[in-house]
Amino acid sequence: MQTLWDYRFAQRTQRMTGSVIRELLKFTEEPDVISFAGGMPAPEIFPLVEVEEATRQVLRDAGAQALQYGATEGYRPLREMIARHTARFGLRITPESVLITSGSQQALDLLGKVFINPGDRILVEEPTYLGALQAWNAYGAEYVTVPVDEGGMVTPALEAALRTGPKFIYVLPNFQNPTGVTLQLERRRQLVQLADRYGVPIVEDDPYGQLRFSGEHLPPIVTLDGHGRGHDEPRYRGNVIYLSTFSKILAPGLRLAWVIAPPEVIHRLVQAKQGADLHTATFTQMVAYQVAQGGFLDRHVRHIRRVYKERRDIMLAAMDACFPPGVRWTRPNGGLFLWVTLPEGLDAAVVLKAALELKVAFVPGASFHACGGGANTFRLNFSNATPEKIQEGIARLGRVLSAQVALIDGARPPQPERELVLSR
Ligand SMILES: Cc1ncc(COP(=O)(O)O)c(C=O)c1O
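Positions in the sequence shown are counted from 1; adding 1233 to them yields my numbering.
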């Protein structure tokens, strides 16, 4: 039935799509579904007591100011704290380079709003974070892609993509969403050099960098970009816009994140943000600042790493035991996700349908591909489900995959379920 609104939607609305994950999340709210679909932190480790105490203290100490409108740039002490935090990973910045946003998702949208004209090309990894594609599709972005392998973005393929004149490069260097892979140090350097040579800026999206369970911490691209230019200490050169968030190190419901950008970009982002929400909630900024006092966040991040490392190990062991030959997956050193590749000819959307019948969910990989493809891939989240649920969910998924692989292998009957014995 037609309504008064049908012909009134803007052209950009035609390009908007719902997030596959958000749609799946509706289904996964049913209590007996084991979901590896969302990118959700473990709810058991949210610091409820600390947030409650900080909330009281903010109301006691800041009083009405905590409930008042605030500056678009963000709560000044929080911006100063982020500048100090940034110095810890080797980059000197001032609070003027920091903008607080309502989640990194808002930062991605604001970047789209200030930079992307319809038809502009953005260089993205393949696969990449689907929330960025969703934000930028609305502004008419087009994409040029560079593949990802176990070492992250395949920088040897970068030069050809840069020749197409992208507006900026979007890269997720640590425990990439969706694949879980990390960009090797040598490739980070190569990326900075090539971006410099072609005069193309970089947007570095880093929600997971602090959640490393194994291996050496690698310098962010924004830091490498400031190295070796005649200064002893890396300086912020403004060629890289860096995004990070409190969502995975504190709580996503706070909707708190930050952007590091040069003044001329901050100025435009502030204008765009004023049109969107005036500013990020004063109250939550003050609470997050208060929670972080006394080194709490460092301790909390260490705790998160322990919990997620255990869950990753359990998921990997269960996959080793239950997934049939021919299925491959990544073994991430941190973050929240791993990435599964099915034998050619298997469609993850079809597998999902069968998996949902057994009440287990994941996200098919196609929607992380900006230019199509990836039908035989999917993403698994290991942070949200408890160890017991991970074992049970992977066992169910193993049954589904065995049956599907058997179908394409020429009707070989599904393997009987193997005993799942895991060391913890
Ligand atoms: C790569 C990436 N960027 C941005 C976001 C959005 O994070 P936020 O909760 O800060 O909006 C996510 C969330 O999962 C993400 O994985």
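Heads up, the beta-carbon is just placed ideally off N, CA and C, and yes, glycines get one too.
Quick caveat, the model's predicted, so the values are computed rather than measured.
With fewer than 16 other beta carbons inside 10 angstroms of its own, M1234 counts as exposed.
Residue pairing for N1614: DSSP places it in a beta bridge opposite F1570.
By the neighbour-count definition (other C-beta atoms within 10 Å, threshold 16), D1553 is an exposed residue. Note that the C-beta distance between V1560 and F1611 is not below 7 Å.
G1626 is a Cβ neighbour of I1267, given a cutoff of 7 Å. The straight-line gap separating the alpha-carbon atoms of F1242 and G1606 is approximately 30 Å.
Put simply, the residues with a CB less than 6 Å from any heavy atom of ligand 1 are G1272, G1336, S1337, Q1338, Y1362, G1364, L1405, N1410, D1438, P1440, T1478, S1480, P1485, A1490, in chain order. For I1435, no alpha helix (DSSP H) encloses it; the enclosing beta strand (DSSP E) starts and ends at 1435 to 1438. DSSP links I1474 through a beta bridge to V1436.
Under the three-state reduction of DSSP output, W1491 falls in the strand class. Restricting attention to Q1338, N1407, R1325, A1394, the CA atom closest to the CA of S1447 is found in N1407. Secondary structure of L1344 (DSSP, three-state): helix. Note on geometry: alpha-carbon atoms of S1600 and V1253 lie some 7 Å from one another. The alpha-carbon separation between G1413 and Y1240 amounts to approximately 42 Å. For E1621, there is no enclosing beta strand (DSSP E); the enclosing alpha helix (DSSP H) has its first and last residue at 1620 to 1641.
Under the 10 Å beta carbon count, H1500 is surrounded by fewer than 16 other beta carbons and is classified as exposed. A check of alpha carbon separations from L1424 across I1402, P1360, D1439, D1438 identifies I1402 as the nearest. A distance below 7 Å separates the beta carbons of A1270 and L1257. Positions of the alpha helix (DSSP H) runs, each at least 4 residues long and wholly inside the segment 1501 to 1535, are given as 1515 to 1524 in order along the chain.
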